[in-house]
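Enquirer: Have a look at this one before I ask anything.
Chains as they are written, first to last, in the numbering used here: chain A, 92 to 563; chain B, 92 to 563.
The following block contains the structure:
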C-alpha cells in the first residue's frame, strides 16, 4: 500500500479530463483484448459467451459513462458562498468541492468477472474520484483478472501516469485481504460478495486505529409482493418473467428474486403452478465455481427441510453440487414469520413463495424482512394506492422499488440506486452502480478566502471547467 | 426509542414544506423564551450574555436556513432517467430521491448550549430529513436543554404533529447513551464532544447487529502554518488576531488554533513575543463546567512538562482548575516530531508554537498530524504558490483550509465543510454545519417504472415542488 500511496500523491492532482481520458483508454484496451479475454473468462467462470460479451460491453459502458460524469463534475457538489465584507462580522469567501479519500482496496466479485471485478464499477469510480486502486483478484478467475489488469497497466502507460495508480494482487487466502484492509495507507474498501466476507472486512476496517469506509454489497433476497388484480391480468406471462429472472445466470445475481410474497387466492395458486412448471423446463446450469455450487446445495437442502415447506419444482431434480437445478418452494406466512432461516439468501436459481392470508399478514411479513437491495410490487396502480402502509415499510427496507417488473437487470445510469439498508450493504447512503458511485471515494473540502489562482479549477471565479455550481 | 419509531412512521411522510414550517416555528418558540432562556444558560454554562444571545441567533438562523434548504430540495439530489422502450433491452424509467434513515439520537454538546445542543444543528438537519429525534440533554446544562425542548414540543403541537417526533431525555450516566445507541430502532447518531465519548458511541454503533452511522465531532488542534513574508507585513496585528482566536470563549471551540507552525526567523520571534504578551493581557475566564476546567489544568500541566517545552506566557498565571488563564508554549519541530503527546488537544485557551528550521521540516510536521477540522495558512499568495507539496499534505488532513484568517468562526452556509478526517470526526464525508448536513440523515432510494401519482412529489413528471433535477 505504500507504493499505492505514493502514486496517489501524484494521481490526486490530475485534472478531471486526464482521469476521464485514462478511463476511456482502459475501456479501449479491454476491448482490444478481444476474444482471448472472453475465452479465458468462459473457461474460468463457466459463463456463456453471450453473457460475457454483454458484461464486457457493460464494463466499457461504465468506464466511459463514469468518465463523462467525472468530467461533468456534478459529483463534486460545488457550492460557493461569496464574501460580504460589509457584514458584521464580515462573511468570508467559502468554496466547497470534493477531494479523493486516498488509496482504495477493491475486492473483485466472482459473479461479475468484468463489471464488478478488476476494472469494474468500484475501480472506475475510485479512479474518477482521483484515488489510486489496489485490486485483489478474485481467486475464481485469476487469469481473467490478470488479463484485464494488464489492459489497465497499458492505459496508465499510454497516459504517462505512475504504474502504481493501479496495483493488482493475487491470493486465495483471507490473510492478504486482512493485511490490505488493516494497512494504515488504505483509505476505503470496495467489496461485492458474501455476508461473512463483507463483515470480516467491515470489522477489520472499524477496528483500525483510523476507521475507514467499507462499501460492501453482501446479499439480498429482493422480495416481490404480488397483488391479485395485476396478477390475474396475465398470470402465465408473469410466471414466465419470474422463471427467467430467478434462473438468469444460474441465479447468481445479487438482485435475484429470492422471496415472493402473495395472497392466498386462485391467481396465486395458478402462478405457483405455472412458475414451477416453467422453472422445471429450465435446463441445469453450471455455477461459477465449486464453492458457490456446494453452498447452493447446502442452503437449498436446508431450506427444503424447514417446517411447513412444500417443494413445488420436481423433486427428482433436487439440487446437488454438480446439478444446479432451479428450485421453487412454498410456505405459509405464519411458518415464515417464525423461522428466520427462511429469510436467508439461497444464492442460486431458487425462490420461496410466502402465502399470506390477507394484506395485514403481508405487512407483517414485509416488516420482518432485513434490509434489501430491491423490492418489487406486482400490482395495478389502484392496488398499490391502497397499500400506502406496505409501501412505507418497503421503502424503509430497500434501495430500489420496482413496479411491475423484475429486480434483475440493474441499469447503469445516474438515477440508479444499487445499495440498501444493512445487511444488503454496509453503507446504504451510497450506490455501487451509476456515476453517483464516484461519491463513495471522495469527501468534501472547503477553501476559505483562497487566492483564485490557487483554488482547484472547479472553484475558480471563471469556472473554467464549466461545472454546475450552487452560488449563495 | 419505540415511541420515536412510531412517530417516525408518520413524520417521514410529511411534506418538505410541513417540515420547514415546523423548523421555523421552533425558531420562533425559542425566540419567545426571551431573557429567561439566556438567564438559565448564563447560570448553567458561565458563558456571557452577549455570546449566548449571538448563539441563540445562530441557532435560529440554522433552523430557518435549513428549513429553506429543506424546501428547496437540492439535498434530495434528484436524478431522473426516463424510459427508452425501444432500446434492447428496454430501458426502464428510474427516479432517485432521498428517504430519511429513521429515528436519530442526538447528544447535545456542552460548549454550544443552543447551536449544537437540544435544537441545534443535528436536530435541525434530522428533522429536515424527515427523521424523528431523541435528544440526550447535556448534563452540564439540563435546565437550558429542558427549556428549549419545551419550545420544540410547542412547535410540534402548533403543527399538529406527533409529540414523539422529538423526545428529550436527561441522564448524566454513560448507560443512558449506551442504551440509546444500542436500541435497534435507532438509525443514526449525532454527537459533538470528546474523543473518548465519541469513540464509545462509535464502537457501540458498529458492534450492533445492524451497524449504524455515527456523526461524531471529536476534537481538532487546527494547525496554523506561518510564512515569513506575510507574517512580516503586520506581525503585531496577526499576533492580536491569534490572541483573540485562541482565547475566544475561554478557548472552548472545536476550531481553536492549538498548534501554530512557523519557520525560525526574526518575524516568528517577534510573533511569539507579541502573542505571549497579548495573551497575558487577556483576563482569566470561567470554563463551562468543572470537568472541562479540570481537564484543561491536567492537559496543560502535562504539556508544560514535556521535553523541550518553553512556556511563553507568564508563569505566575499557570492554569489551575479555578484559574483558567491562557497558555502559550513553544517547542522545536524535532522535539515535536518525537512526542505524540504534544499533538493532543488541550481543550481551552492554549496553543503550542512549533519552530521549524526550514520548509522541509514544516512538511514533516504537517505529515505527522492527525486528521483535523481545519488548517490555516498565513502566507502571501506567492508564498503559498511555492508550497504546493505542503498544501497537498494539508488538504489530505482537513475539511477546511483558511487563507490568512483564523479557524474560529464557522459560517453557517451551503459551502461550509465542518468535518474532517478521523479523529476530527468519525465520518469525513459529511458536514455538521450548513444545510448539506441534512444529507447525513437520509439515504438514496430509486423508484423504477412507478405510476406518477404514487411517486414522491419531487419525482413527479410535473415537478410540483420545482426542485432542481438532473434528467438523463
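Heads up, the beta-carbon is just placed ideally off N, CA and C, and yes, glycines get one too.
According to DSSP, simplified to helix, strand and coil, what is residue 195/B?
Expert: Working through the second chain from its first residue, we reach residue 195/B at position 104. Looking at residue 195/B - three-state DSSP - the assignment turns out to be strand.
Enquirer: Can you pull the chain A neighbours of residue 309/B, defined as C-beta to C-beta under 7 Å?
Expert: Reading the second chain from its first residue, position 218 is the one you call residue 309/B. Simply none; closest approach about 12 Å.
Enquirer: Considering residue 96/B, what are the terminal residues of the alpha helix (DSSP H) in which it resides?
Expert: In the second chain, counting from the first residue as 1, residue 96/B sits at position 5. Where residue 96/B is concerned, the enclosing alpha helix (DSSP H) stretches over 93–102.
Enquirer: Given that residue 541/B touches chain A, what residues does it touch there, using C-beta distances under 8 Å?
Expert: Start at 1 with the first residue of the second chain, and residue 541/B comes out as number 450. Within chain A, the residues near residue 541/B are 492, 494.
Enquirer: Could you run through the region 147–171 of chain A and flag, in chain order, every residue whose CB is less than 7 Å away from some CB of chain B?
Expert: 165, 170, 171
Enquirer: Under 8 Å between the Cβ atoms of residue 439/B and residue 343/B?
Expert: Working through the second chain from its first residue, we reach residue 439/B at position 348. Working through the second chain from its first residue, we reach residue 343/B at position 252. Going by C-beta atoms, residue 439/B is nearer than 8 Å to residue 343/B.
Enquirer: Touching or not, the region 537–551 of chain B and the region 493–508 of chain A, by the rule of three or more beta carbon pairs under 8 Å?
Expert: yes
Enquirer: Which value, in whole angstroms, describes the spacing of the CA atoms of residue 571/A and residue 112/B?
Expert: With chain A covering 92 to 563 only, the question about residue 571/A has no answer from this structure.
Enquirer: Thinking just about the alpha-carbon of each residue, which of 485/A, 96/A, 451/A, 198/A is nearest to the one in residue 264/A?
Expert: For this step, residue 264/A is matched to residue 173 along the first chain. Here the closest residue by C-alpha is 198/A.
Enquirer: Shortest alpha-carbon distance to residue 106/A belongs to which of 228/A, 252/A, 334/A, 229/A?
Expert: Residue numbering aside, residue 106/A sits at position 15 when the first chain is read from its first letter. Of the candidates 228/A, 252/A, 334/A, 229/A, the one whose C-alpha sits nearest the C-alpha of residue 106/A is 252/A.
Enquirer: Okay, do the region 306–322 of chain A and the region 358–368 of chain A touch, 3+ Cβ pairs below 8 Å being the bar?
Expert: A contact between stretches requires three or more CB pairs, one per stretch, nearer than 8 Å, and the region 306–322 of chain A meets this requirement with the region 358–368 of chain A.
Enquirer: Check for me: the beta strand (DSSP E) holding residue 110/B runs from which residue to which?
Expert: For the purposes of this step, residue 110/B is taken as the residue at position 19 of the second chain. Not the beta strand (DSSP E): residue 110/B falls in the alpha helix (DSSP H), residues 107–123.
Enquirer: For the alpha helix (DSSP H) holding residue 535/A, just list the boundary residues, first then last.
Expert: If you number the first chain from 1, residue 535/A lands on position 444. First-last for residue 535/A: 533–539, but that is the beta strand (DSSP E), not the alpha helix (DSSP H).
Enquirer: Over what stretch of residues does the alpha helix (DSSP H) that includes residue 217/B continue unbroken?
Expert: As a working mapping, residue 217/B is identified with position 126 in the second chain. For residue 217/B, the enclosing alpha helix (DSSP H) has its first and last residue at 212–220.
Enquirer: Could you pull out every residue in the same chain whose Cβ sits closer than 6 Å to the Cβ of residue 223/A, ignoring the five residues on either side in sequence?
Expert: One-based indexing of the first chain puts residue 223/A at position 132. Result list for residue 223/A: 95, 98, 99, 102, 194, 256, in chain order.
Enquirer: Taking Cβ-Cβ distances shorter than 8 Å, what residues in chain B pair up with residue 522/A?
Expert: Within the first chain, numbered from 1, the residue matching residue 522/A stands at position 431. Under the 8 Å cutoff, chain B gives 535.
Enquirer: Opposite residue 312/A in the DSSP bridges: which residues?
Expert: As a first step, residue 312/A must be located in the first chain, where it is residue number 221. In DSSP, residue 312/A forms no bridge with anything.
Enquirer: If contacts are defined as beta-carbon pairs under 8 Å, then residue 475/B and residue 545/A qualify, I think. What distance do you get, rounded to the angstrom?
Expert: Locating residue 475/B in the second chain gives position 384, where the first residue counts as 1. Locating residue 545/A in the first chain gives position 454, where the first residue counts as 1. With 8 Å as the limit, residue 475/B and residue 545/A qualify as a contact, their Cβ atoms being about 6 Å apart.
Enquirer: Using DSSP bridges, identify the partner residues of residue 551/B.
Expert: As a position in the second chain, residue 551/B is number 460, starting the count at 1. In the DSSP output, where bridge partners are listed per residue, residue 551/B has none listed.
Enquirer: I'd like the ranges of any beta strand (DSSP E) spanning at least 3 consecutive residues and lying wholly in the region 212–287 of chain B.
Expert: The beta strand (DSSP E) runs of length 3 or more contained entirely in the region 212–287 of chain B are, from start to end of the chain, 224–227, 257–260, 279–283.
Enquirer: In chain B, which residues lie with their C-beta within 8 Å of the C-beta of residue 475/A?
Expert: The residue given as residue 475/A occupies position 384 in the first chain. By Cβ distance, chain B contributes 542, 545.
Enquirer: Is it buried or exposed, residue 140/B, if we count other Cβ atoms within 10 angstroms and call 16 or more buried?
Expert: Along the second chain, one-based indexing puts residue 140/B at 49. Looking at its Cβ environment, which holds fewer than 16 other Cβ atoms inside 10 Å, residue 140/B is exposed.
Enquirer: Should residue 432/A go down as buried or exposed, given a rule of 16 or more other Cβ atoms within 10 Å for buried?
Expert: What you label residue 432/A is simply residue 341 of the first chain in a count that begins at 1. Flag for residue 432/A reads exposed.
Enquirer: Let me know the secondary structure DSSP gives residue 510/A once reduced to three states.
Expert: Within the first chain, the letter at position 419 stands for residue 510/A. Residue 510/A falls in the coil class under three-state DSSP.
Enquirer: Starting from the N-terminal side, write out each stretch of the alpha helix (DSSP H) that is 4 residues or longer and does not extend beyond the region 313–357 of chain A.
Expert: 319–324, 326–338
Enquirer: Taking the alpha-carbon positions, what's the residue 528/B to residue 115/B distance?
Expert: Here residue 528/B corresponds to residue number 437 of the second chain, with the count starting at 1. Here residue 115/B corresponds to residue number 24 of the second chain, with the count starting at 1. Looking at the backbone, the Cα of residue 528/B and that of residue 115/B are separated by about 17 Å.
Enquirer: Measuring alpha carbon to alpha carbon, tell me which of 311/A, 316/A, 268/A ends up nearest residue 305/A.
Expert: Translated into positions along the first chain, residue 305/A becomes position 214. Nearest of 311/A, 316/A, 268/A to residue 305/A, Cα basis: 268/A.
Enquirer: If we define contact as Cβ-Cβ less than 8 Å, is residue 455/A a contact residue for chain B?
Expert: Here residue 455/A is taken as the residue at index 364 of the first chain, counted from 1. It does not: the Cβ of residue 455/A has no partner Cβ on chain B nearer than 8 Å.
Enquirer: Since residue 227/A and residue 271/A are thought to touch, with beta carbons under 8 Å apart, how far apart are those beta carbons, to the nearest angstrom?
Expert: The residue you call residue 227/A lines up with position 136 of the first chain. The residue you call residue 271/A lines up with position 180 of the first chain. About 6 Å separates the CB atoms of residue 227/A and residue 271/A; that is less than 8 Å, so the two are in contact.
Enquirer: Alpha carbon to alpha carbon, how far is residue 385/B from residue 129/B? Give it in angstroms, no decimals.
Expert: In the second chain, residue 129/B corresponds to position 38, counting from 1. In the second chain, residue 385/B corresponds to position 294, counting from 1. Distance between the alpha carbons of residue 129/B and residue 385/B is about 25 Å.
Enquirer: What does the Cβ neighbour count give for residue 350/B, buried or exposed, with the cut at 16 atoms within 10 Å?
Expert: Your numbering for residue 350/B matches position 259 in the second chain. Per the 10 Å Cβ criterion, buried.
Enquirer: Where do the ends of the beta strand (DSSP E) carrying residue 486/B lie?
Expert: Reading the second chain from its first residue, position 395 is the one you call residue 486/B. It is not in any beta strand (DSSP E) - residue 486/B instead sits in the alpha helix (DSSP H) that spans 479–488.
Enquirer: Could you check where the beta strand (DSSP E) with residue 170/A kicks off and where it finishes?
Expert: Numbered from its first residue, the first chain carries residue 170/A at position 79. Residues 170–172.
Enquirer: For a quick check, are the C-beta atoms of residue 466/A and residue 314/A less than 8 Å apart?
Expert: As a position in the first chain, residue 466/A is number 375, starting the count at 1. As a position in the first chain, residue 314/A is number 223, starting the count at 1. Cβ distance < 8 Å, so residue 466/A and residue 314/A count as in contact.
Enquirer: What are the start and end residues of the beta strand (DSSP E) that includes residue 161/B?
Expert: For this step, residue 161/B is matched to residue 70 along the second chain. Premise fails: residue 161/B lies in the alpha helix (DSSP H), 140–163, not in any beta strand (DSSP E).
Enquirer: Go to residue 400/A, then tell me how far its beta strand (DSSP E) extends in each direction, as first and last residue.
Expert: Translated into positions along the first chain, residue 400/A becomes position 309. Element bounds for residue 400/A: n/a, residue is neither H nor E.
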